[in-house]
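K.L.:
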Amino acid sequence: MAYLRWYHVICRVDWRGSSSDNGHRFSDRCTIQLAMPAVSGTINLHQRIALPPNAALTVTVSDASVSDAPSRVLAQKVAWTDGKQAPFIFSLPYNPADVQLNARILLSAAVTIDNRVVMATQDIPAVITNGVTRADLLLIPVESVALSTHSQGGLLTHSAHTPLNTEG
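Per my numbering, residue 6 is the first one in the sequence shown, and the count goes up by one each step.
#1: Output the distance between the C-alpha atoms of D141 and D128, rounded to the nearest integer angstrom.
#2: Under a Cβ-count criterion, where at least 16 other Cβ atoms within 10 Å of its own Cβ denotes burial, should G46 be classed as buried or exposed?
#3: Taking the Cβ atom as the reference point for each residue, do V66 and L112 lie within a distance shorter than 7 Å?
#4: Between which residues of its own chain and A61 is the CB-CB distance below 8 Å, once the five residues before and five after are set aside?
#5: If you draw a straight line from the alpha carbon of A69 to that of A108, how long is it in whole angstroms?
#6: Output the distance between the C-alpha atoms of P92 and S76, rounded to the nearest integer angstrom.
#7: What does a CB cutoff of less than 6 Å around P3 pick up in its chain, not counting 5 residues either side in sequence?
#8: For V44, is the classification buried or exposed, using 16 other Cβ atoms within 10 angstroms of its Cβ as the cut-off for buried?
#9: Is P98 helix, strand or coil when you go by DSSP?
#10: Using a Cβ-Cβ cut-off of 6 Å (strictly less than) and excluding sequence neighbours within five positions of D26, which residues of its own chain qualify?
#11: Strictly under 7 Å for the Cβ-Cβ distance: is D119 near chain E by that measure?
#12: Which residues in the same chain as V64 place their Cβ atom closer than 6 Å to its Cβ, once the five residues preceding and following it in sequence are excluded?
#13: Measure the CB-CB distance between Y99 and A80 and report whether it falls below 7 Å.
#14: In the DSSP assignment, the beta strand (DSSP E) including Q52 goes from what residue to what residue?
#15: Do you know whose CA, among N135, N120, I133 and P101, lies nearest A40's CA?
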C-alpha cells in the first residue's frame, strides 16, 4: 500500500519600497508543512445519557498484529468533554512510517469518569492497512473498572473492558 504525503506551502510576501529600487522590492518567506494522514469519524453513545463535564474521551489507533502481546499504540488523543455531548467528531493523525504493510491496525475509543472506564467501543474496526481511514464508533456502557495503567517499554496498557450485563 502506498501512502501519499500532502504538503502545504505557506508563503508570506512583504512589499517594501526603497529609493534604490523605485518601491518594487519584495521579500518572501515560504515554509513547507507536512500534513500527516489521519483516521477520522464520529463517536456516538449507545444509550442516550448526558456525560458529566469531567468525562474524558480517548481515541486510539493501535497495532494489534502480535496476538500474544499488548497492542502497540500508534496514535492517541485524550480530551475532556467539558459538558459537550455526543456525537463527537475526531481526527487522529498518525505517522505512516509506524504502520507495517500487513499490520492489524485497530481504532477504539473509551469514556472515563474519575479514572474509571464507563463506556468503550462496541465493535473495534480495522483501519489504515485495509484502506479505511474513516470510521464511526459506537460506545456501550461497561462495568466500572478502574483504569490501571503502567508503562511497558514505552507502551501504555490498561485493563480489559467488560460489557455491562443488562439481562436479568
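We put the beta carbon where it would ideally sit given N, CA and C, even for glycine.
P.N.:
Short version:
#1: Against the sequence shown, residue 141 aligns to sequence position 136. Against the sequence shown, residue 128 aligns to sequence position 123. Roughly 10 Å between the two C-alpha positions.
#2: Locating residue 46 in the sequence shown gives position 41, where the first residue counts as 1. Per the 10 Å Cβ criterion, buried.
#3: To locate residue 66, count along the sequence shown from 1; it is residue 61. To locate residue 112, count along the sequence shown from 1; it is residue 107. In this structure, L112 lies closer than 7 Å to V66 by Cβ.
#4: Your numbering for residue 61 matches position 56 in the sequence shown. If we look at A61 and ignore the five residues flanking it on each side, its Cβ neighbours are V83, A84, W85, T86, V116, T117 and I118.
#5: Along the sequence shown, one-based indexing puts residue 69 at 64. Along the sequence shown, one-based indexing puts residue 108 at 103. If you take the alpha carbons of A69 and A108, they lie about 7 Å apart.
#6: Start at 1 with the first residue of the sequence shown, and residue 92 comes out as number 87. Start at 1 with the first residue of the sequence shown, and residue 76 comes out as number 71. Between P92 and S76, the C-alpha separation is close to 26 Å.
#7: Only positions 6 to 173 of the chain appear in this structure, which leaves residue 3 out of reach.
#8: Here residue 44 refers to the residue found at position 39 when the sequence shown is read from its first residue. So V44 ends up on the buried side.
#9: Numbered from its first residue, the sequence shown carries residue 98 at position 93. Reduced to three states, the DSSP call for P98 is strand.
#10: If you number the sequence shown from 1, residue 26 lands on position 21. Summary for D26: the model assigns pLDDT 49, below 50, so the residue's position carries little reliability, and this model does not support an answer.
#11: The chain labelled as chain E is not found in the depicted structure, where only one protein chain is given.
#12: Along the sequence shown, one-based indexing puts residue 64 at 59. Closer than 6 Å at Cβ, skipping near neighbours: K82, F95, L97 and A114.
#13: Locating residue 99 in the sequence shown gives position 94, where the first residue counts as 1. Locating residue 80 in the sequence shown gives position 75, where the first residue counts as 1. Yes, the Cβ-Cβ distance between Y99 and A80 is below 7 Å.
#14: Taking the first residue of the sequence shown as position 1, residue 52 is located at position 47. Taken as a continuous stretch (DSSP letters only), Q52 belongs to no beta strand (DSSP E), as it is neither H nor E.
#15: Position 35 of the sequence shown, counting from 1, holds the residue named residue 40. Of the listed residues, the one whose Cα sits closest to A40 is P101.
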